[in-house]
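Residue numbers (UniProt numbering): 1 to 108. All residues carry an ideal CB built from backbone N, CA and C; glycine is no exception. Predicted model, so just to flag it, every value in this text is computed and none were measured. Some notes on the structure that comes next.
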Amino acid sequence: MAQHKNQMVRLAKIQVDPAQLDSYNSALKQQMETAIRLEPGVLTYYAVADKKDPAHITILEIYADTAAYKAHIETIHFKKYKQTVEHMVKSLELVDVDLIAAARQPGT
């Protein structure tokens with residue numbers, strides 16, 4: 001875990017207007033894919049929806065470091081996402097966390 005020491009890990013807990021959920025999900029996917037493709041400091045994105053309330057979305061974001069995150073939020077694609085979803089998001093909670101362990105199957 002030593003190589004993860006400088007990483008910035010954050011959970012974004014988002015409540016979306018259910019009537020706009022499809023549009024929100026589309027904008028989110030586009031932003032995530034663009035960030036991963038263009039920004040080497042954006043290491044991981046996982047977005048999940050609550051099975052009982054699909055409009056409640058949690059995103060796990062991992063950045064190489066705080067500087068990578070700060071650069072990310074200044075990109076054109078992130079600003080476009082924020083502007084697009086501004087009236088779709090009913091609430092947003094950002095929680096900075098520490099990665100204490102990670103495990104995954106080889107090749108995934």
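Residues of its chain near residue i, where Cβ-Cβ distance is below 6 Å and the 5 sequence neighbours each way are ignored
i, result
"Val9", "Ile62, Val97, Leu99"
"Leu92", "Ile14"
"Met1", "Residue placement at Met1 is poorly supported in this model, since its pLDDT is 47, which falls under 50; the coordinates are not used for a value here."
"Asn6", "Asp65"
"Val95", "Leu11"
"Ala103", "none"
8 Å CB neighbourhood of residue i in its chain, flanking five on each side removed
i, result
"Tyr81", "Ala27, Leu28, Gln30, Gln31"
"Ile36", "Val42, Tyr45"
"Glu39", "Ala68, Ala71, His72, Thr75"
Secondary structure of residue i, DSSP reduced to three states
i, result
"Gly107", "coil"
Same chain only: Cβ atoms within 7 Å of residue i, ignoring 5 sequence neighbours per side
i, result
"Val85", "Tyr24, Ala27"
"Thr34", "His77"
Write down every uninterrupted run of the beta strand (DSSP E) in the UniProt domain "ABM" (8-98) whose length is 3 residues or greater and which is fully enclosed by it, in chain order. Segments of the beta strand (DSSP E) lying fully in the UniProt domain "ABM" (8-98): 8-16, 42-49, 56-63, 89-97.
Using a Cβ distance threshold of 8 Å, determine whether the region 52-65 contacts the region 16-34, with at least three qualifying pairs required. Yes, the region 52-65 touches the region 16-34.
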